[in-house]
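Novice: Please read through the structure below; I'll follow up with questions.
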(Lines of atoms letter the chains of each structure in order from A and count residues from 1; the text may use other names and numbers.)
(Lines give C-alpha, C1' and ligand atoms only; values in the text may rest on other atoms or scores of the structure.)
Protein backbone atom coordinates (compact mmCIF):
# COMPACT_ATOMS: atom_id res chain seq x y z
CA UNK A 1 0.00 0.00 0.00
CA UNK A 2 1.45 3.38 -1.02
CA UNK A 3 1.82 6.03 1.70
CA UNK A 4 1.72 9.75 0.89
CA UNK A 5 1.45 13.05 2.76
CA UNK A 6 -1.96 14.51 3.55
CA UNK A 7 -1.40 17.14 0.87
CA UNK A 8 -0.58 14.50 -1.76
CA UNK A 9 -3.56 12.36 -0.66
CA UNK A 10 -5.75 15.44 -1.10
CA UNK A 11 -4.61 15.81 -4.71
CA UNK A 12 -4.71 12.12 -5.57
CA UNK A 13 -8.14 11.45 -4.01
CA UNK A 14 -9.67 14.78 -5.13
CA UNK A 15 -10.62 15.73 -1.56
CA UNK A 16 -9.74 18.77 0.52
CA UNK A 17 -7.05 18.32 3.17
CA UNK A 18 -9.72 18.86 5.83
CA UNK A 19 -11.75 15.99 4.33
CA UNK A 20 -8.65 13.75 4.29
CA UNK A 21 -8.17 14.46 8.01
CA UNK A 22 -11.86 13.75 8.67
CA UNK A 23 -11.60 10.42 6.80
CA UNK A 24 -8.61 9.56 8.98
CA UNK A 25 -10.51 10.45 12.18
CA UNK A 26 -13.56 8.39 11.25
CA UNK A 27 -11.50 5.39 10.11
CA UNK A 28 -12.18 5.60 6.36
CA UNK A 29 -8.45 6.11 5.70
CA UNK A 30 -5.45 4.70 7.56
CA UNK A 31 -2.55 6.91 8.57
CA UNK A 32 0.56 6.91 10.72
CA UNK A 33 3.14 9.39 11.99
CA UNK A 34 6.49 8.89 10.34
CA UNK A 35 9.80 10.73 10.25
CA UNK A 36 9.92 13.52 7.69
CA UNK A 37 12.37 16.22 6.62
CA UNK A 38 11.34 18.44 9.57
CA UNK A 39 10.34 15.94 12.24
CA UNK A 40 7.25 13.74 12.42
CA UNK A 41 4.50 14.02 9.80
CA UNK A 42 1.28 12.19 9.04
CA UNK A 43 1.39 9.75 6.13
CA UNK A 44 -1.82 8.41 4.59
CA UNK A 45 -2.22 4.93 3.11
CA UNK A 46 -3.80 5.37 -0.30
CA UNK A 47 -6.84 3.11 -0.65
CA UNK A 48 -7.45 0.79 -3.56
CA UNK A 49 -8.55 2.27 -6.87
CA UNK A 50 -12.25 3.05 -6.93
CA UNK A 51 -12.40 4.10 -3.25
CA UNK A 52 -14.92 6.84 -2.51
CA UNK A 53 -15.27 8.67 0.80
CA UNK A 54 -18.62 8.44 2.61
CA UNK A 55 -19.76 11.96 1.78
CA UNK A 56 -18.97 11.60 -1.92
CA UNK A 57 -20.68 8.19 -1.94
CA UNK A 58 -23.87 9.82 -0.67
CA UNK A 59 -23.51 12.54 -3.32
CA UNK A 60 -23.14 9.88 -6.03
CA UNK A 61 -26.29 8.19 -4.75
CA UNK A 62 -28.14 11.51 -4.86
CA UNK A 63 -26.70 12.32 -8.29
CA UNK A 64 -28.17 9.13 -9.72
CA UNK A 65 -31.58 10.65 -9.06
CA UNK A 66 -30.74 13.94 -10.80
CA UNK A 67 -30.16 14.88 -14.42
CA UNK A 68 -26.49 15.28 -15.36
CA UNK A 69 -27.33 18.10 -17.82
CA UNK A 70 -26.71 21.66 -16.63
CA UNK A 71 -26.48 25.14 -18.12
CA UNK A 72 -22.91 26.48 -17.91
CA UNK A 73 -23.99 30.14 -17.60
CA UNK A 74 -26.60 32.05 -15.67
CA UNK A 75 -28.10 33.27 -18.98
CA UNK A 76 -29.15 29.65 -19.66
CA UNK A 77 -28.42 30.08 -23.35
CA UNK A 78 -26.47 27.98 -25.83
CA UNK A 79 -25.92 24.30 -25.09
CA UNK A 80 -26.55 22.43 -21.85
CA UNK A 81 -23.57 20.32 -20.85
CA UNK A 82 -23.12 16.94 -19.15
CA UNK A 83 -21.35 17.39 -15.80
CA UNK A 84 -18.41 15.02 -15.51
CA UNK A 85 -17.22 16.18 -12.09
CA UNK A 86 -17.49 19.06 -9.64
CA UNK A 87 -14.59 20.73 -7.84
CA UNK A 88 -13.79 19.79 -4.27
CA UNK A 89 -13.69 23.24 -2.66
CA UNK A 90 -16.31 25.13 -4.68
CA UNK A 91 -18.80 24.34 -7.41
CA UNK A 92 -16.48 24.28 -10.40
CA UNK A 93 -17.96 21.87 -12.92
CA UNK A 94 -15.95 20.02 -15.51
CA UNK A 95 -18.13 18.95 -18.42
CA UNK A 96 -17.59 15.86 -20.58
CA UNK A 97 -16.62 18.05 -23.55
CA UNK A 98 -13.75 19.56 -21.54
CA UNK A 99 -15.43 22.91 -20.83
CA UNK A 100 -14.85 24.19 -17.30
CA UNK A 101 -17.35 26.41 -15.53
CA UNK A 102 -17.60 28.39 -12.33
CA UNK A 103 -21.13 27.32 -11.38
CA UNK A 104 -24.07 25.25 -12.65
CA UNK A 105 -27.68 26.11 -13.39
CA UNK A 106 -30.47 23.55 -13.51
CA UNK A 107 -31.42 22.46 -17.03
CA UNK A 108 -34.75 20.79 -16.21
CA UNK A 109 -37.05 20.74 -19.20
CA UNK A 110 -34.32 21.22 -21.80
CA UNK A 111 -34.71 19.56 -25.19
CA UNK A 112 -32.29 17.11 -26.81
CA UNK A 113 -31.42 19.84 -29.33
CA UNK A 114 -30.14 21.97 -26.42
CA UNK A 115 -27.45 19.40 -25.58
CA UNK A 116 -23.78 19.93 -26.40
CA UNK A 117 -23.00 17.48 -29.25
CA UNK A 118 -19.53 16.73 -27.84
CA UNK A 119 -20.97 15.91 -24.40
CA UNK A 120 -23.56 13.61 -26.01
CA UNK A 121 -20.84 11.82 -28.01
CA UNK A 122 -18.61 11.26 -24.96
CA UNK A 123 -21.57 10.17 -22.81
CA UNK A 124 -22.54 7.56 -25.42
CA UNK A 125 -18.93 6.34 -25.74
CA UNK A 126 -18.73 5.91 -21.96
CA UNK A 127 -22.17 4.30 -21.70
CA UNK A 128 -23.49 7.07 -19.44
CA UNK A 129 -27.23 7.64 -19.04
CA UNK A 130 -28.55 10.44 -21.26
CA UNK A 131 -31.81 10.84 -19.33
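Numbering (the numbering used here), first residue to last: 531 to 661. We put the CB at the ideal spot given by N, CA and C, even for glycine.
1. Can residue 581 and residue 604 be called in contact, C-beta distance under 8 angstroms?
2. Roughly how many angstroms separate the alpha carbons of residue 661 and residue 584, rounded to a whole number?
3. Per DSSP, which one or two residues make a beta bridge with residue 597?
4. Leaving out five residues before and five after residue 646 in sequence, what residues of the same chain have Cβ atoms less than 6 angstroms from its Cβ?
5. Mapping the DSSP letters down to three states, classify residue 654 as helix, strand or coil.
6. I'd like to know whether the C-beta atoms of residue 576 and residue 555 end up nearer to each other than 8 angstroms.
7. What is the DSSP secondary structure of residue 643, counted as helix, strand or coil?
8. Let's test the definition: count the other Cβ atoms within 10 Å of the Cβ of residue 540 and tell me whether it reaches 16, buried, or not, exposed.
9. Measure the C-alpha to C-alpha separation of residue 654 and residue 648 and round it to an integer number of angstroms.
10. Output the distance between the C-alpha atoms of residue 578 and residue 563, rounded to the nearest integer angstrom.
11. Going by C-alpha to C-alpha distance, which of 534, 632, 547 and 638 sits closest to residue 596?
Specialist: On the basis of the supplied data:
1. no
2. 26 angstroms
3. Note: residue 597 sits in no beta bridge, so no partner.
4. 609, 611 and 627
5. helix
6. no
7. helix
8. buried
9. 10 angstroms
10. 21 angstroms
11. 638
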